[in-house]
Amino acid sequence: MIRIADSIVINIGTLDRHWIQSMFKAVELASEYKKPVVLDPVGAGATKLRTEVSLKILASDAISVLKGNFGEISALLGEHGKTRGVDSVAYEEEKAKEIAIKAAEEFSTVVAVTGKVDYVSDGTSVYAIYNGHEMLGKVTGTGCMVSAITGAFLAVETPLNASISALVVFGVAAEKAYEEAKAPGSFHVKLYDNLYTLTPEEVERLARVVKVEP
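Each position in the sequence shown, counted from 1, maps to that position plus 1037 in this note's numbering.
Written as structure tokens, this is what we have:
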């Protein structure tokens, strides 16, 4: 499957011996076949195992995009950000920008740090994405959805452009979903619907992306 795929997404949400071995093998094969890889270090910082597995995968130098929330990326850098489950306890906008840059430099990859404002950096340039809605924080699995969309875009775009585009598209879909549904259950359904019906014209019109100073 790795050989015929155009991109790979490694999500460490489910960890046991079998899945860990499978993830390492997938990364090894992705490197062999020169396939771009997204790593979603779900819950890094919440447990020692999750942090160690994520760092070992990053050490392969096969990761094209590292996408996580503030707490997860901070933990991989050895920072003191705390993670509870898959949600970061604290999110500081300016600090998130710094974390994105630092992680991109440390791991030599494009890094997307998600939060109230999303930041994407390749270590040289930094982009802030202001699309999205706070209701996303009340729905489980949205981070994993972003990783999957990033992987889809990575099949046809550069890591930097794929990361920015995925966050913009997902954020715009969330904004439109909230216009139609004000509670988590119905919002979740409308989020899927709007991802399906969203047009390129809507994305271009509603995108809020700014290149910021490092």
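All residues carry an ideal CB built from backbone N, CA and C; glycine is no exception.
8 Å Cβ cutoff met for Gly1180 and Ala1211: Indexing the sequence shown from 1 puts residue 1180 at position 143. Indexing the sequence shown from 1 puts residue 1211 at position 174. Result no, Cβ atoms of Gly1180 and Ala1211 do not sit closer than 8 Å.
Nearest-angstrom beta carbon gap, Gly1152 and Phe1107 [assumed within contact, 8 Å]: Locating residue 1107 in the sequence shown gives position 70, where the first residue counts as 1. Locating residue 1152 in the sequence shown gives position 115, where the first residue counts as 1. At roughly 5 Å, the Cβ-Cβ gap stays under 8 Å, so Phe1107 and Gly1152 are in contact.
Sub-8 Å separation of Val1064 and Val1075 beta-carbons: Numbered from 1 along the sequence shown, position 27 holds the residue referred to as residue 1064. Numbered from 1 along the sequence shown, position 38 holds the residue referred to as residue 1075. No.
Short Cβ contact (8 Å threshold) for Lys1248 with Ser1162: Counting from one through the sequence shown, the residue named residue 1248 turns up at place 211. Counting from one through the sequence shown, the residue named residue 1162 turns up at place 125. At the C-beta level, Lys1248 and Ser1162 come within 8 Å of one another.
Three-state secondary structure assigned by DSSP to Asp1033: Nothing can be reported for residue 1033: it is not among the residues displayed for the chain, which extend from 1038 to 1251.
Contact under 8 Å by Cβ, Arg1087 with Ile1049: As a working note, residue 1087 is residue 50 in the sequence shown. As a working note, residue 1049 is residue 12 in the sequence shown. Yes, these two residues count as a Cβ contact at 8 Å.
Euclidean distance between Cα positions of Ala1081 and Gly1160: For the purposes of this step, residue 1081 is identified with residue 44 of the sequence shown, where counting begins at 1. For the purposes of this step, residue 1160 is identified with residue 123 of the sequence shown, where counting begins at 1. Whole-angstrom Cα-Cα distance: 21 Å.
Inter-stretch contact (C-beta, 8 Å, three-pair minimum) for the stretch 1045-1061 and the stretch 1089-1096: yes
Outcome for Ala1192 when other beta-carbon atoms lying within 10 angstroms are tallied against a minimum of 16: What you label residue 1192 is simply residue 155 of the sequence shown in a count that begins at 1. Result: exposed.
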